[in-house]
Structure formats: C-alpha cells, structure tokens
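A quick write-up on the structure given underneath.
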Amino acid sequence: MIILPITAATSAAAPKASALTALTNCRAIAENEARLACYDAAAAELDTAANKKDILVLDREDVRETRRSLFGFALPRVPLFGARDDNEEKVEDIEEITAKIRGARSLGYGKWQIVLEDGATWSTTEAVARREPKGGSTVVIRRKSMGSYMMKIDGDQGVRAKRDG
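The letter at position 164 of the sequence shown is residue 569 when you use my numbering, and the numbering goes up by one with no holes.
Next up, the structure:
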C-alpha cells in the first residue's frame, strides 16, 4: 500500500503525510489507554484527510494500472512513477503495452491517429504501409531508445509513434 500526499505529485520526493506520521508515532506510547486514544485521534485525522482528498491511498495494483495508463507520457520523478530512494523497492518499468484499437482516423500522408480501448490516443510519426487500422485490432507499443516508441498493429512491421492523449 502506498500513501501519498496529493502535493507529492509535484515534489521531487514524496514526504510522509503528516496524518500517517501521527498514526505511526502512536506506537511509541507505552500506556495502553493513551496509545489507544492516540490511535483513535490519528485514525480520525487520516480518515478526514482521505475524505478531503488531501492524501491518496493506493495499493500496488492501482499504481501499476496508473503507470500503464500513463505509458508514453513524460512523467515527473516521484515514487509513484518509478523514482525511488536507494533503500526503497524499485517500481518496475513498463517497457511495452498490448491493447485493442477502439478506432483510427487518417491524418493524411499515410499517418494515423489511433485510439485505444482505454482512451489513450497515439499517432504514427511516419507513414504506415498498410490498410486502415481497424477497431478490435491488437496493437503492441514498445518503448525504444531516446524516448521514442514503436507501434505494431496485428503483428505488422513496426512504425514510430507518439502519445497524444
């Protein structure tokens, strides 16, 4: 489980949310009644922060899905997107995605804009020597060197592509 303050999306490293810090500090209290009161207050603070959307709680599967949906975009260096401290576990990099095409439209000169089933929009950056990509076709988009991407539709020859939206 990952808990991030919403402001962490813009910072270089995710600081521990104060509501979570308050909860973990309760462990140091020796007396049972005082520790329970501390936990109750800290849990209420954490719940309030989550309801106000000041913090966000994600499990690893949520993080994987978020990272997959953002494949192709240049992302800030925060833990959610793969940056880490030396003592943290590295989040695996997504090197390719496989998806179904929802639709495609011609951009002229043999180039296409392709919409995937999840709503992601990609455009070919060079002419495609094939018929119009059809809805339901399988597309594999692989990360290549220097921030470029290669798209293969139904196993055809790869063509360079970029993420639009």
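Ideal Cβ placement from N, Cα and C applies to all residues, glycine included.
Note that the coordinates shown come from a computational prediction; the quantities given were computed from them, not determined experimentally.
Check	Outcome
Please report the distance separating the alpha-carbon of tyrosine 444 from that of lysine 557.	53 Å
How many angstroms separate the CA atom of alanine 532 from the CA atom of arginine 507?	20 Å
If you count every other CB in all the chains shown that lies within 10 Å of the CB of phenylalanine 476, and 16 or more means buried, which is it?	buried
Let me know the secondary structure DSSP gives serine 528 once reduced to three states.	strand
Kindly indicate which three-state DSSP category tyrosine 514 falls into: helix, strand or coil?	coil
Which same chain residues end up closer than 7 Å to alanine 448 when comparing Cβ atoms and leaving out the 5 residues on each side of it in sequence?	Leu428
Would you say arginine 548 reaches chain D, if we count a Cβ-Cβ gap shorter than 7 Å as a contact?	Absent here is chain D; the protein component of the structure consists of one chain.
Which word fits alanine 442, buried or exposed, when buried means at least 16 other C-beta atoms lie within 10 angstroms of its C-beta?	exposed
Excluding sequence positions up to five away, which residues of its chain have a Cβ less than 7 Å from the Cβ of alanine 435?	none
Starting from threonine 543, follow its DSSP beta bridges and name the residues at the other end.	Lys505
For the pair the stretch 498 to 506 and the stretch 447 to 465, tell me if three or more CB-CB distances fall below 8 Å.	no
Would DSSP call valine 533 helix, strand or coil?	coil
Could you tell me the alpha carbon to alpha carbon distance between glutamine 562 and threonine 529, rounded to whole angstroms?	13 Å
Could you give the first and the last residue of the continuous beta strand (DSSP E) run that contains arginine 565?	564 to 568
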